[in-house]
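Numbering (my numbering), first residue to last: 41 to 125. Structure first, commentary second.
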């Protein structure tokens, strides 16, 4: 398995990982806020801070695409389980 870490935005709080070149997960601090798999972006609504809001906007500033936190976490968990095989 190949995992690459990256930073984005200002400061050290915005970071992410790329897994096997097929999935990217963006974090605000240590909280996953968005993921992309095969060109499909899933991004959560901001229920945190203005810093997380900036991180979300860095990933995609279209707020109409954002989903509730519970739905986001369920989708991320299902995808990670699927990728584990």
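No residue lacks a Cβ here, since even glycine has one placed at the ideal position from N, Cα and C.
Sort the options by Cα distance to residue i and report the nearest one.
i           : options            : result
residue 123 : 108, 94, 61 and 70 : 61
residue 79  : 90, 65, 95 and 114 : 65
How many angstroms separate the CA atom of residue i from the CA atom of residue j?
i           : j           : result
residue 63  : residue 50  : 23 Å
residue 107 : residue 74  : 10 Å
residue 87  : residue 46  : 24 Å
residue 41  : residue 58  : 11 Å
residue 104 : residue 72  : 19 Å
residue 125 : residue 110 : 23 Å
residue 93  : residue 53  : 12 Å
Bridge partners for residue i per DSSP, in chain order?
i          : result
residue 77 : 63 and 80
With a Cβ-Cβ cutoff of 8 Å, do residue i and residue j count as a contact?
i           : j          : result
residue 56  : residue 48 : yes
residue 121 : residue 77 : no
Given 8 Å, three or more beta-carbon pairs between the segment 95-105 and the segment 77-86: yes
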